[in-house]
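Written below as structure tokens is the structure these notes are about.
Residue numbers (UniProt numbering): 1 to 596.
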């Protein structure tokens, strides 16, 4: 009896627990329904009131995610709540009337940017500083690395051979990009354009008569070669575009007879006093040495210049290469030509069969964003065979002694000049960036970038203050009758206030940054351009010594001369929206600030 009583009691407890649980569940459901109804009612009260004839499409739009039809998150400037702040259908109509055949890769630009730059939360106008990488390039790169094993090269193991194969393929792709014959040119991987240029300077076959000549508007990385010319050669000279095109034989003869490097001349002047007999003996010895050297070796001079200025986008004549190679400015002289293509190649086609430069320096991240820290020196095999490479590291030699100075160097240029382990994973994944560029087509990239740059420069040029005074001074060749072929996608400028005074470019840059616009300001490591446009001279530079500490300091002028400019640079994934928003901020923030 007692067990039956306990069993009955247990059953009653189970029923009680069951009914309590059910009650709580029912209460929770009704409570959730009630709360949802209250929130929905409050949401409807907060929405703008509409009349019977007014469409309610805005309500639906406001609740949709910020994605395109393919589900990709829209970049910042393409989101409707942002776009309505600045977009003008009339302005875009004017743009397309002029450049519909040039812009947008046959209507693909919108979907491309939505897919490849969905992460972009700003207006990016700094492609010359660094190109943006496409999302598909990153996805393909990581998928490759996640699916394959790659080992350090210089071995016969499977992973190493796999790496060697990929590296060789990228070399061929790069040669194809610039239409170079693999039997005539070699690809040497470096850490960037600067190291590519440095390799030329430190291994060039300098002699006491060798001269280094460079375009005044070259990047500092090119200008720096003159230190080698001072140490091992006959000095250097900086020349202008006009001087090169002038082709005055006597001027060039005077230039090449410059004498000893400036530093050597200064040292000679400060030497201790010597007797006249000692001086004459030294001169005779030097003349004899020079005569012997001239009999034993050829004299080579080096000419270097950029295909496109990183300061203002000016393009320089690629036919200068043929001029120096086939018809040198002084008959009987031998020239090698170094072309800095870092700013040019991301948006232009280079044909080395047509313009056979001896050396071409370039940066892959400036072309397609990822990977960084990877540059290329494309070198003619017959030119680099004359190089005097001093240092040698791992992977560049066949055999070496640990005791004597015996060393058997590798004869292959691409191996001889790549000291140590290459960044092989970066090299392997770089192919996806090249593939992406090829899918767009270099010619289409050139047209696309030109259309945006020309429209932006033209619009800036038309701006006027209330008193009718101009607003900007634009540098480069945008006003050239053939600007399409002589101007790259850089709009470099400074701003005047209504009284005609320059506005501090650092202040302007800060305003752009606050509004989410990525631009760059300063001299851009191009002292020759600052000399050309702002009249900077040696006295000004002496004044700056001890004051200026770097690119990012607070010194922006000297002796009432500006030290730089604002640079907006466009690239393969730039859009009309970038240009439109830039103009919107320019007029509504910068001009509004000063046009009171």
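Just so it is clear, CB atoms sit at the ideal spot from N, CA and C, and this is done for glycine as well.
For clarity, every value in this text was computed on a predicted model and none was experimentally measured.
Selected residue, minimal CA-CA separation from residue i, among the options
{"i": "residue 307", "options": "486, 494 and 534", "result": "486"}
{"i": "residue 421", "options": "396, 436, 535 and 206", "result": "396"}
{"i": "residue 104", "options": "92, 81 and 575", "result": "575"}
{"i": "residue 213", "options": "302, 433, 73 and 429", "result": "302"}
{"i": "residue 209", "options": "438, 224 and 233", "result": "233"}
{"i": "residue 145", "options": "441, 595, 456 and 431", "result": "431"}
{"i": "residue 98", "options": "555, 454, 495 and 479", "result": "454"}
{"i": "residue 475", "options": "466, 488, 329 and 464", "result": "488"}
{"i": "residue 138", "options": "567, 116 and 153", "result": "116"}
{"i": "residue 543", "options": "563, 528, 402 and 529", "result": "563"}
{"i": "residue 186", "options": "168, 220 and 197", "result": "168"}
{"i": "residue 319", "options": "334, 353, 370 and 309", "result": "353"}
{"i": "residue 75", "options": "109, 100, 91 and 150", "result": "109"}
{"i": "residue 570", "options": "312, 88 and 297", "result": "312"}
{"i": "residue 408", "options": "425, 180, 389 and 96", "result": "389"}
{"i": "residue 568", "options": "492, 547 and 560", "result": "492"}
{"i": "residue 601", "options": "80, 393 and 506", "result": "Residue 601 cannot be examined here, being either before or after the span of the chain that is shown, 1 to 596."}
{"i": "residue 386", "options": "594, 412 and 180", "result": "412"}
{"i": "residue 201", "options": "531, 358 and 404", "result": "358"}
{"i": "residue 170", "options": "451, 423 and 517", "result": "423"}
Per-residue burial, residue i [other beta carbons within 10 Å of its own, 16 or more giving buried]
{"i": "residue 222", "result": "buried"}
{"i": "residue 56", "result": "Unreliable positioning characterises residue 56 in this predicted model, as indicated by a pLDDT of 33, which lies under 50. A coordinate reading is not provided."}
{"i": "residue 526", "result": "buried"}
{"i": "residue 376", "result": "buried"}
{"i": "residue 524", "result": "buried"}
{"i": "residue 315", "result": "buried"}
{"i": "residue 481", "result": "exposed"}
{"i": "residue 398", "result": "exposed"}
{"i": "residue 226", "result": "buried"}
{"i": "residue 534", "result": "buried"}
{"i": "residue 555", "result": "exposed"}
{"i": "residue 93", "result": "exposed"}
{"i": "residue 342", "result": "buried"}
{"i": "residue 586", "result": "buried"}
{"i": "residue 43", "result": "Annotation note: pLDDT 37 at residue 43 (below 50); position unreliable, coordinate value reported separately. The residue in question, residue 43, is exposed, as its Cβ has fewer than 16 Cβ neighbours within 10 Å."}
{"i": "residue 401", "result": "exposed"}
{"i": "residue 219", "result": "buried"}
{"i": "residue 142", "result": "exposed"}
{"i": "residue 149", "result": "exposed"}
{"i": "residue 598", "result": "The structure shown does not extend to residue 598, since the chain is modelled only from 1 to 596, so the question has no answer here."}
Under the three-state DSSP convention, the category residue i falls into
{"i": "residue 583", "result": "helix"}
{"i": "residue 130", "result": "coil"}
{"i": "residue 193", "result": "helix"}
{"i": "residue 493", "result": "strand"}
{"i": "residue 380", "result": "strand"}
{"i": "residue 307", "result": "coil"}
{"i": "residue 571", "result": "coil"}
{"i": "residue 344", "result": "coil"}
{"i": "residue 358", "result": "coil"}
{"i": "residue 369", "result": "coil"}
{"i": "residue 213", "result": "strand"}
{"i": "residue 315", "result": "strand"}
{"i": "residue 53", "result": "In this prediction, residue 53 scores a pLDDT of 37, lower than 50, which makes its location untrustworthy; the coordinate-derived value is nonetheless stated afterwards. Note: residue 53 maps to coil in three-state DSSP."}
{"i": "residue 228", "result": "helix"}
{"i": "residue 422", "result": "coil"}
{"i": "residue 137", "result": "helix"}
{"i": "residue 240", "result": "coil"}
{"i": "residue 29", "result": "Residue placement at residue 29 is flagged as unreliable, the pLDDT there being 42, under the threshold of 50; a coordinate-derived value is accordingly withheld."}
{"i": "residue 183", "result": "coil"}
{"i": "residue 427", "result": "helix"}
{"i": "residue 337", "result": "strand"}
{"i": "residue 591", "result": "helix"}
{"i": "residue 201", "result": "helix"}
{"i": "residue 4", "result": "With a pLDDT of 47 at residue 4, under the threshold of 50, the modelled position of that residue is not reliable, and no figure is offered here."}
{"i": "residue 400", "result": "strand"}
Below-8 angstroms beta-carbon distance, residue i vs any chain C residue
{"i": "residue 297", "result": "The structure shown contains no chain C; it holds only a single protein chain."}
Practice prompt. Can you check the stretch 500-567 for any alpha helix (DSSP H) of at least 4 residues that lies completely inside it and give the ranges in chain order?
Written response: Those alpha helix (DSSP H) runs which fall completely within the stretch 500-567 and span 4+ residues are 505-514, 527-534 and 538-544.
Worksheet item: In chain order, which continuous runs of the alpha helix (DSSP H) of length 4 or greater are located wholly inside the stretch 446-487?
Response: Within the stretch 446-487, the complete alpha helix (DSSP H) runs of at least 4 residues are 483-486.
Worksheet item: Below 8 angstroms, can you find three or more Cβ-Cβ pairs linking the stretch 331-351 to the stretch 505-520?
Response: no
Discussion item. Within 8 angstroms, do at least three Cβ pairs link the stretch 192-205 to the stretch 355-372?
Written reply: The stretch 355-372 is in contact with the stretch 192-205.
Worksheet item: Could you give the uninterrupted runs of the alpha helix (DSSP H) lying entirely in the stretch 92-122, keeping only those of 4 residues or more?
Response: 109-116
Worksheet item: Counting pairs of Cβ atoms below 8 angstroms between the stretch 117-130 and the stretch 576-584, do you hit three or more?
Response: yes
Worksheet entry | the stretch 332-343 in contact with the stretch 230-245 per 3-pair CB rule at 8 angstroms | no
Fill in: Three-pair Cβ contact test at 8 angstroms for the stretch 439-458 versus the stretch 155-169
no
Worksheet item: Should the stretch 492-507 be regarded as contacting the stretch 461-475, the criterion being three or more beta carbon pairs within less than 8 angstroms?
Response: yes
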